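Notes follow the structure.
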Amino acid sequence: MKNAEPKAIYLKDYQAPAFEIESTYLNFDLYDDYTLVTSILKMRRTTGLDAENLFLNGQDLELRSVSINDEVISGEYYELTDESLSIAASVVPSEFTLSIQTKIKPQENTALEGLYKSSGMFCTQCEAEGFRRITYFLDRPDVMSVYEVRITADKKAYPVLLSNGNLIDAQDLEGGRHSTTWQDPHKKPCYLFALVAGDLKHIEDTFTTMSGENVTLRIFVEPQNIDKCDFAMGALKRSMKWDEEVYGREYDLNIFNIVAVDAFNMGAMENKSLNIFNSSCVLANPKTATDATFQRIESIVAHEYFHNWSGNRVTCRDWFQLSLKEGFTVFRDSEYSADIGSRTVKRIEDVSLLRTAQFAEDAGPMSHPILPASFIEISNFYTLTIYEKGAEVVRMIHNILGAQDFRKGSDLYFARHDGQAVTTEHFVKAMEDASGKDLTQFRNWYHQAGTPEIFITDHYDESAKSYALTIKQTCRETPETKEKKPYHIPFELGLLNDKGDDYPLICKNSKVNSETGVVNVTKFEETFVFENIDTKPVPSLLRGFSAPVRVRYAYEAEQLQFLMANDSDGFNRWDAGQTLATNVILSLSQDVLAGRELVLDEGLFNVYQSLLSTLMSDLAMQAQMLSLPSLAYLIEQQDQAQVHALYTARSFVKQTLADRLHDSFSNVYQQCLDSREYEPSPDAIAKRTLKNLCLQYMTQTHNHDYSGIAQQQFDQANNMTDQFSALGALVNSHHQSLAQTALQRFYEQWQHDVLVVNMWLSLQASSDHIEGVAAVNELLNHDAFDIKNPNKVRAVVSVFAAQNLRHFHGADGSGYNWLADRIIELDALNPQIASRLTGPLTKWKRIAPPNGPLMMQALEKIAARSNLSKDVYEVVTKSLVS
Ligand code: TRP
Ligand code: ZN
39 MKNAEPKAIY LKDYQAPAFE IESTYLNFDL YDDYTLVTSI LKMRRTTGLD
89 AENLFLNGQD LELRSVSIND EVISGEYYEL TDESLSIAAS VVPSEFTLSI
139 QTKIKPQENT ALEGLYKSSG MFCTQCEAEG FRRITYFLDR PDVMSVYEVR
189 ITADKKAYPV LLSNGNLIDA QDLEGGRHST TWQDPHKKPC YLFALVAGDL
239 KHIEDTFTTM SGENVTLRIF VEPQNIDKCD FAMGALKRSM KWDEEVYGRE
289 YDLNIFNIVA VDAFNMGAME NKSLNIFNSS CVLANPKTAT DATFQRIESI
339 VAHEYFHNWS GNRVTCRDWF QLSLKEGFTV FRDSEYSADI GSRTVKRIED
389 VSLLRTAQFA EDAGPMSHPI LPASFIEISN FYTLTIYEKG AEVVRMIHNI
439 LGAQDFRKGS DLYFARHDGQ AVTTEHFVKA MEDASGKDLT QFRNWYHQAG
489 TPEIFITDHY DESAKSYALT IKQTCRETPE TKEKKPYHIP FELGLLNDKG
539 DDYPLICKNS KVNSETGVVN VTKFEETFVF ENIDTKPVPS LLRGFSAPVR
589 VRYAYEAEQL QFLMANDSDG FNRWDAGQTL ATNVILSLSQ DVLAGRELVL
639 DEGLFNVYQS LLSTLMSDLA MQAQMLSLPS LAYLIEQQDQ AQVHALYTAR
689 SFVKQTLADR LHDSFSNVYQ QCLDSREYEP SPDAIAKRTL KNLCLQYMTQ
739 THNHDYSGIA QQQFDQANNM TDQFSALGAL VNSHHQSLAQ TALQRFYEQW
789 QHDVLVVNMW LSLQASSDHI EGVAAVNELL NHDAFDIKNP NKVRAVVSVF
839 AAQNLRHFHG ADGSGYNWLA DRIIELDALN PQIASRLTGP LTKWKRIAPP
889 NGPLMMQALE KIAARSNLSK DVYEVVTKSL VS
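Sequential numbering from 39 applies to the sequence shown in the working numbering.
Below, the structure written as structure tokens:
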């Protein structure tokens, strides 16, 4: 970047706003080639001091006029920059009405922040700092105001005009135009403002709250999608009920709207009473959406709804506090999903994401605490750390306090801070005050980045019948902290006797809770001695993944098999199997590098054979147990990852299991066939998941031809899950000519459906058989691709770089260079998306040469460009620091 270097802003520099905005009136005049925005703000100085200028944020705006108390302010009294409007203190009284008119061009807005157009409709995205692209304003979350919004537009093109709160007026106007006016009685920060104008259809339902209020629920979509709204509506009603039952939180308006838009940078946005969703996170019916999509919709609808309390009623003081709302809300949606589906499987899914992607982020150059101390561009901090690790930290508080005291704590937090903009400290304090528990040391989780490593050694004393566990913790140096303080780690464990039952935990140490099996680890090194242990136990460590840490303990293969068969903790039964398979694959990868012959470990073979011998009572668990650790997870296990050796080793294991056990896979497949009508219920999903996993192994083998079965499932499926799984099985198999025909037919069948076409694109981008970047470029050149649509960019570019690790890490580095070019191309259009695409390259230090250095060169190519966005600049420069 050759021009002025973007600067970091610091939490320690936080200052309360010098002005407050009591009420905000906004008038939007929407036209096809521009929009006029008029704001009328009732404002007041907060400090009593007259000395401060009125500083307002603003970006990409054309200022038409500014006046105070109806007096036009002339240019000599204000200063305009690319990012602000500053009005001289001398013309700003202590209480006043500020009125500003700006002109903006939504149709040219490809960054998708502020007001923009998506397939012909107007919509907004203001979090985190998009509102400043609409008008000059105090664009910070601690400035809260009530809003009244009037929208005017052509009635034929934009029959539906929506904003936050209640509709208080609607009028037909001259020239075919019309207007609506909305009033939101709840104070809110401007990042929760929203506006939508379009030609939309909706479905409608109602919900009666626990105190008897009726709420009208609507989901607005483009007309062709009206048959894809029912599931999200059901999810919304289930979430509303759950939040009443589990948190005592009631909805606070008589209207709740959801709108689906195609061009959206993230999943969805919790704007007050007007949630805006990426269409991929809300639209579904059995014919077009897979089970995974149904589950994603269930949790995202819940997530955005839950924000109404954790985020909207109680919001963030500043963006450093982002995890206050996101970590807590992810914890809430995760518990919701666990309650309505399989708790253990939900835990496995969450932990898998954390241990592959979040741990990798935390081991890389963008590592940051869940309460960061500084940032250059806040959009870069909507990370797995803020969201998923943030949720794990809330989960630990939940587990330390217990469900009852946690509920007392959340009640106190909501009661104390309703209507306020607060910090993570307020949250922790409420939890402490309500429970009487001291969380002083626990707070280190908020300030220190990095994943703690826990080293465990043990000693069994035969004569004393005692068992000693020594637990050491360390955490590597991260950008913000050199010398780490020890974490308070709630470490749940069990000790299994030789029958596989848990010993009662008898330990003189007051830090052990014998009821829950939680050991409170608080020092760098501690030894816990358990008594009345008759024979050497098998330890089941970190049950339920009770803390976001890496555990190092030298398990024997037999111990892992014993845990798989006997552990009372479902998560650890699964995890034992994963560790077993991981050890086998890591060791095979050494054989690959040494050029030795590869031989499958018989222990792992036996485990798979026995897992396939019958249908288990929990089929979802069975499918999880039969899944090998992902390549991304394996890469995460090595400091200098040998991607190709890992890929080869993993493929060998998969291939050998498929070759030797294809009969058994086929047997389980047959037992899971189900001719009933499609339902996205947990049981039905579990059955399909297991069936389709078997189909993957079946199409892998050369010892028998199962392609006919895949073909038949593809042709005859009555739902997308089965059709798409069959297609995926073929695409990733050696039946390549069948795969090509099926891909072609699938496209012909679904080309009218944008979301299905995106799945089709991403299946090809992730295919084992795609031949490098030339083939990915063919996808980019396909009619169905559009670089301005983030879902399409994700489907092709992100999927190739983040999921097709074998080909992305091709030996010649062409994948990296190709990605650098895509990032540069996108940065000019949509910096948020460009910056996210950079993620895979930032991990260069942990990829073994020659690949790691080639990745670094791709980053340098980006860094050499002038006019990079703040977003890409921050990620690239931080990644290149040695
Ligand atoms: N608050 C949103 C959520 O529920 C995140 C979000 C949606 C977002 N759109 C965004 C963040 C655009 C930054 C930019 O998680
Ligand atoms: Zn959120």
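All residues carry an ideal CB built from backbone N, CA and C; glycine is no exception. As the structure is a prediction and not an experimental result, all values here were calculated from the model.
Counted within 10 angstroms of its Cβ, other Cβ atoms place residue i as buried (16 or more) or exposed
i, result
"Asp371", "buried"
"Tyr48", "exposed"
"Lys537", "exposed"
"Val110", "exposed"
"Ser650", "In the sequence as displayed, the identity of residue 650 is Leu instead of Ser. Buried: at least 16 other Cβ atoms inside 10 Å."
"Leu793", "buried"
"Ile673", "buried"
"Lys40", "With a pLDDT of only 41 at Lys40, under the threshold of 50, the placement of this residue in the model should not be trusted; the figure read from the coordinates follows. Exposed, by the Cβ-count rule."
"Glu121", "exposed"
"Glu912", "buried"
"Thr495", "exposed"
"Leu731", "buried"
"Leu711", "exposed"
"Ile206", "exposed"
"Ala327", "buried"
"Tyr63", "buried"
"Ser804", "buried"
"Tyr174", "buried"
Sequence-distant residues of the same chain with beta carbon closer than 6 Å to residue i, five excluded per side
i, result
"Asp98", "Arg171"
"Thr162", "Leu153, Ala232, Leu233"
"Ala839", "Phe846, Leu857, Pro878"
"Ile264", "Lys239"
"Ala411", "Leu49, Glu518"
"Lys510", "Phe493, Glu563"
"Ser137", "Ile78, Ser105"
Neighbourhood of residue i by C-beta, 8 Å cutoff - its chain only, sequence neighbours within 5 removed
i, result
"Ser380", "Asp656, Ala658, Met659, Pro720, Ala724"
"Glu282", "Thr247, Met248, Glu288"
"Ala487", "Asp400, Ser405, His406, Pro407, Thr423, Thr516, Pro517, Glu518, Thr519"
"Lys826", "Thr148, Ala301, Leu867, Asn868"
"Ser156", "Leu150, Val299, Asp300, Ala301, Phe302"
"Val795", "Tyr785, Trp788, Gln789, Ala822"
"Leu906", "Met39, Asp865, Ile900, Val914"
"Ile623", "Leu666, Pro667, Leu672, Leu684, Ala687, Arg688, Val691"
"Asn202", "Tyr185, Val187, Trp220, Asp222, Lys226, Leu230, Phe231, Ala232, Asn309, Lys310, Ser311, Leu312"
Strand pairing of residue i, partner residues [DSSP]
i, result
"Cys545", "Phe568"
"Tyr498", "Tyr505"
"Pro447", "Residue identity check: residue 447 is Gly in the sequence provided, not Pro. In the DSSP output, where bridge partners are listed per residue, Gly447 has none listed."
"Arg588", "Glu491"
"Asp471", "DSSP, once it has assigned bridges, lists no residue as partnering Asp471."
"Ala298", "Phe315"
"Trp220", "Val187, Leu205"
"Arg385", "Answer is none; Arg385 lacks a bridge partner."
"Val104", "Ile138"
"Gly152", "Gln163"
heavy atom of the ligand MG below 7 Å from residue i C-beta
i, result
"Tyr420", "Questions concerning the ligand MG fall outside what the structure shown contains, since the ligands it does hold are the ligand TRP and the ligand ZN."
Cβ-based neighbour list, residue i, same chain, cut-off 7 Å, excluding 5 preceding and 5 following
i, result
"Leu579", "Ile494, Leu531, Val589, Tyr591"
Between the segment 144 to 153 and the segment 213 to 230, can you find at least three pairs of beta-carbon atoms closer than 8 Å? No: fewer than three Cβ pairs fall under 8 Å.
Would you call the segment 635 to 647 and the segment 409 to 416 in contact, with 3 or more CB pairs under 8 Å? Contact check between the segment 635 to 647 and the segment 409 to 416: fewer than three CB pairs, one atom from each, fall below 8 Å, which does not count as touching.
Are three or more beta carbon pairs between the segment 438 to 447 and the segment 389 to 397 nearer than 8 Å? For the pair of segments examined, the segment 438 to 447 was found not to touch the segment 389 to 397: the number of CB pairs separated by less than 8 Å stays below three.
Contact shell at 6 Å, judged by CB to any heavy atom of the ligand ZN, ordered along the chain: That query returns the following residues: His341, His345, Glu364, Thr367.
Within the chosen definition, does the segment 308 to 321 reach the segment 754 to 771 through at least 3 CB pairs nearer than 8 Å? Judged by Cβ distances under 8 Å, the segment 308 to 321 makes no contact with the segment 754 to 771, as fewer than three pairs qualify.
The segment 221 to 229 contacting the segment 252 to 265, beta-carbon criterion three pairs below 8 Å: In short, these stretches do not touch, since the Cβ pair count stays below three.
Count the CB pairs spanning the segment 599 to 618 and the segment 535 to 551 that are closer than 8 Å, and state whether there are at least three. Of all C-beta pairs linking the segment 599 to 618 to the segment 535 to 551, three or more are shorter than 8 Å, placing the two stretches in contact.
Evaluate contact between the segment 566 to 581 and the segment 540 to 555, counting only Cβ atoms and requiring at least three cross-stretch pairs below 8 Å. Taking 8 Å as the limit for Cβ pairs, the verdict is that the segment 540 to 555 does touch the segment 566 to 581.
Does the segment 351 to 371 come within contact of the segment 557 to 565, defined as at least 3 CB pairs closer than 8 Å? Between the segment 351 to 371 and the segment 557 to 565 there are fewer than three C-beta pairs closer than 8 Å, too few to call the two in contact.
Is there contact here, the segment 184 to 204 with the segment 268 to 280, by at least three beta-carbon pairs under 8 Å? Touching, no, given that fewer than three Cβ pairs across the two stretches are closer than 8 Å.
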